[in-house]
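Residue numbers (the UniProt record's numbering), protein chains in the order written: chain F, 1 to 240; chain R, 1 to 285.
Glycine included, each C-beta is placed from N, C-alpha and C at the ideal position.
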Ligand SMILES: Nc1ncnc2c1ncn2[C@@H]1O[C@H](COP(=O)(O)OP(=O)(O)OP(=O)(O)O)[C@@H](O)[C@H]1O
Ligand SMILES: [Mg+2]
């Protein structure tokens, strides 16, 4: 299958601290991939390197067949690479509608009309956002804010959607409500990466799975074939 | 009648201060940059305008049409070349950078123009006035005020309803998240500073026709803008306009009470607001 994202031999560092070591990571078109790992394993760092928010110290990243090293982060979004960042990062002081429109204003244009994400389609996906569209985002509950963050990323018309811990701090019911939408998002041809602390949720909602430990990939393979014991070893290291 | 006249004159003076304050509020609101060189840029543009009018031999009324584009270019280059490197969560680097710029500009202007005071004379237009009921109002101050009102309204509407305005507000709220939404944050910052300094081009024209300018005058202009912005609420566009009106009225009313009190009473009102409502009058919090 054609790869939408290819990460080869990626290393990244914050000053003297190396956070990623020779990471190999690949997503096929239309695939849902889970990325798991303990706190500080380097999951967010990998996503930030892919989106161009940080520049890697070595390695290569190709998105839709093109190297991303010369493209600034904001331009990658317009090529169809969107992220729901850790902690939602909504635009405070702006309404729900304006938060969504920022992304729509400059989204990818080469999308078939029928597959295009529009604000009415986001309202269908998350009806509560329609009711609250004129309110300031900071007035919304955590779950509703996460829906805005997902909606905002979808309006970029992504080919690849990176979701960094969308379930963090949310009630199980809300997590379920958001995860239930993944198949619909994927049906439009969008590949998805989910970073998830809940390993069984990660496993059940993905086709393939990667596990990071201290900046290295310790496990990868089809989610349905990987046993919980192998995951536990890759997650905590060989010693435990 | 004396006090009504003072009030009207204060509002008109506020129109001039609003032009300083709007750009400052825009830069602070979007980038959290307090531009210490703000007043020096006004003086620089005013001196450039006076020189250009002399050299080209054109009517002084042409000056704003030269100064606004020059301000836009200077602002854009300033942001691209210097300030984009210091936009951070920490406000200290940008304070140091603009403070250094202020000193450098003052020295540069002293080198080029020496310490003499200069002004732009509009001839008969500068003393022309119209009768409004019992009051006589200068045509020029009225024009300055009308321009300030229009500018405030345009900026306010542009921020609220346009694509550019949304991008600007998004970049102000969270630069990284804005980048992830496809916004070129550094480009947006450059446009914001271009607009801010472009407005100073108009302010420079008003300043040079109203009074005299000399290379070291920037500091006072900075203070008035700063007071207006703080009174209104840092980074708030209509707040900056309101703050400018309050500073203008306080100065004129104060000077009518006692000619020595003008500037002082502006500062006192500023200190009162700082003590009673430090977040500013229009701030939501
Ligand atoms: N801005 C930064 N400066 C310095 N070190 C950082 C920075 N961001 C992350 N790190 C370090 O890099 C390592 C990887 O962090 P990262 O945020 O990628 O982990 P993560 O897997 O996303 O963890 P979490 O599950 O807590 O989100 C950690 O040790 C972290 O302390
Ligand atoms: Mg993380």
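Spell out whether any CB of chain F is found under 8 angstroms from the CB atom of residue i.
i: residue 163/R; result: yes
i: residue 184/R; result: yes
i: residue 131/R; result: no
i: residue 210/R; result: no
i: residue 319/R; result: Chain R is shown only over 1 to 285; residue 319/R falls outside these bounds and no answer can be derived.
i: residue 166/R; result: yes
i: residue 174/R; result: yes
i: residue 177/R; result: yes
i: residue 181/R; result: yes
I need the boundaries of the beta strand (DSSP E) containing residue i, first residue and last residue.
i: residue 34/F; result: 32–37
i: residue 24/F; result: 17–28
i: residue 195/F; result: 191–195
i: residue 84/R; result: Taken as a continuous stretch (DSSP letters only), residue 84/R belongs to no beta strand (DSSP E), as it is neither H nor E.
i: residue 133/F; result: That residue, residue 133/F, is in no beta strand (DSSP E); it is neither H nor E in DSSP.
i: residue 218/F; result: 216–222
i: residue 58/F; result: 58–63
i: residue 208/F; result: 208–213
i: residue 6/F; result: 3–14
i: residue 34/R; result: It is not in any beta strand (DSSP E) - residue 34/R carries neither H nor E in the DSSP assignment.
i: residue 160/F; result: 160–164
Measuring only the C-alpha atoms, how far is residue i from residue j?
i: residue 140/R; j: residue 147/R; result: 11 angstroms
i: residue 225/R; j: residue 193/R; result: 16 angstroms
i: residue 205/R; j: residue 186/F; result: 58 angstroms
i: residue 241/R; j: residue 31/R; result: 19 angstroms
i: residue 263/R; j: residue 124/R; result: 28 angstroms
i: residue 74/R; j: residue 137/F; result: 36 angstroms
i: residue 108/R; j: residue 195/F; result: 55 angstroms
i: residue 82/F; j: residue 47/F; result: 10 angstroms
i: residue 127/R; j: residue 71/R; result: 28 angstroms
i: residue 230/R; j: residue 283/R; result: 10 angstroms
i: residue 147/F; j: residue 130/F; result: 11 angstroms
i: residue 247/F; j: residue 257/R; result: Absent from the structure is residue 247/F, since the part of chain F shown begins at 1 and ends at 240.
i: residue 105/R; j: residue 179/R; result: 33 angstroms
i: residue 245/R; j: residue 134/R; result: 22 angstroms
i: residue 260/R; j: residue 266/R; result: 12 angstroms
i: residue 218/F; j: residue 212/F; result: 6 angstroms
i: residue 44/F; j: residue 162/F; result: 10 angstroms
i: residue 73/F; j: residue 183/R; result: 9 angstroms
i: residue 102/R; j: residue 166/F; result: 46 angstroms
Starting from residue i, trace the alpha helix (DSSP H) both ways and give me its first and last residue.
i: residue 99/F; result: 96–104
i: residue 206/R; result: 185–210
i: residue 229/R; result: 218–232
i: residue 172/R; result: 163–173
i: residue 132/R; result: Segment 129–132 is the beta strand (DSSP E) holding residue 132/R; no alpha helix (DSSP H) there.
Closer than 8 angstroms, CB to CB, is residue i near chain R or not?
i: residue 105/F; result: yes
i: residue 169/F; result: no
i: residue 243/F; result: The requested residue 243/F is not part of the displayed model; chain F covers only 1 to 240.
i: residue 222/F; result: no
i: residue 118/F; result: no
i: residue 20/F; result: no
i: residue 147/F; result: no
i: residue 91/F; result: yes
i: residue 190/F; result: no
i: residue 5/F; result: no
i: residue 111/F; result: no
i: residue 183/F; result: no
i: residue 102/F; result: yes
i: residue 73/F; result: yes
i: residue 78/F; result: yes
i: residue 158/F; result: no
State buried or exposed for residue i, treating a residue as buried only when at least 16 other CB atoms are found within 10 Å of its CB.
i: residue 94/F; result: buried
i: residue 80/F; result: buried
i: residue 101/F; result: buried
i: residue 277/F; result: Only positions 1 to 240 of chain F appear in this structure, which leaves residue 277/F out of reach.
i: residue 3/R; result: exposed
i: residue 277/R; result: exposed
i: residue 177/R; result: buried
i: residue 136/R; result: exposed
i: residue 164/F; result: buried
i: residue 161/R; result: exposed
i: residue 113/F; result: exposed
Assuming residue i contacts residue j (C-beta within less than 8 angstroms), just tell me the rounded distance between them.
i: residue 150/F; j: residue 77/F; result: Between residue 77/F and residue 150/F the Cβ distance is about 15 angstroms, and since that is not below 8 angstroms, they are no contact.
i: residue 253/R; j: residue 227/R; result: At roughly 15 angstroms, the Cβ-Cβ gap does not stay under 8 angstroms, so residue 253/R and residue 227/R are not in contact.
i: residue 219/R; j: residue 68/R; result: With 8 angstroms as the limit, residue 219/R and residue 68/R do not qualify as a contact, their Cβ atoms being about 23 angstroms apart.
i: residue 33/F; j: residue 210/F; result: 7 angstroms
i: residue 9/F; j: residue 60/F; result: 7 angstroms
i: residue 12/R; j: residue 144/R; result: 7 angstroms
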